[in-house]
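Below is one structure; the comments refer to it alone.
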Amino acid sequence: MFVETARQGSFSKAANSMDMTPAAISASIKRLEGQIGFPLFVRSTRSLRLTSEGELFLDKTTQALATLQEGLDQ
322 MFVETARQGS
332 FSKAANSMDM
342 TPAAISASIK
352 RLEGQIGFPL
362 FVRSTRSLRL
372 TSEGELFLDK
382 TTQALATLQE
392 GLDQ
């Protein structure tokens, strides 16, 4: 969900692609931010962008997902 939101740059677009509501996406991201202890996105009424920590987290998350996919493919 985080990766898709980062890729889409919008809660609405991510929700659309995942057949969820924007509110559900936003709530999940808020929970994740609470668990990891830092904000992932800078939110405004018209835009959503990754924080510097969010960019690092996206990189690590993408690497982890790629490793998992490699394991499934073998």
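Just so you know, the sequence shown maps onto residues 322 to 395 in the working numbering. The C-beta atom is built at its ideal place from N, Cα and C for all residues, glycine as well.
Residue of I357, S347 and R352 minimising C-alpha distance to S365: S347
Secondary structure of R352, DSSP reduced to three states: helix
Simplified DSSP state of F263, which is helix, strand or coil: The chain is shown only over 322 to 395; residue 263 falls outside these bounds and no answer can be derived.
Between the CA atoms of F323 and P360 - distance to the nearest angstrom: 12 Å
Cβ-Cβ distance between M442 and E325 below 8 Å: Outside the modelled stretch of the chain, which goes from 322 to 395, sits residue 442, for which no answer is possible.
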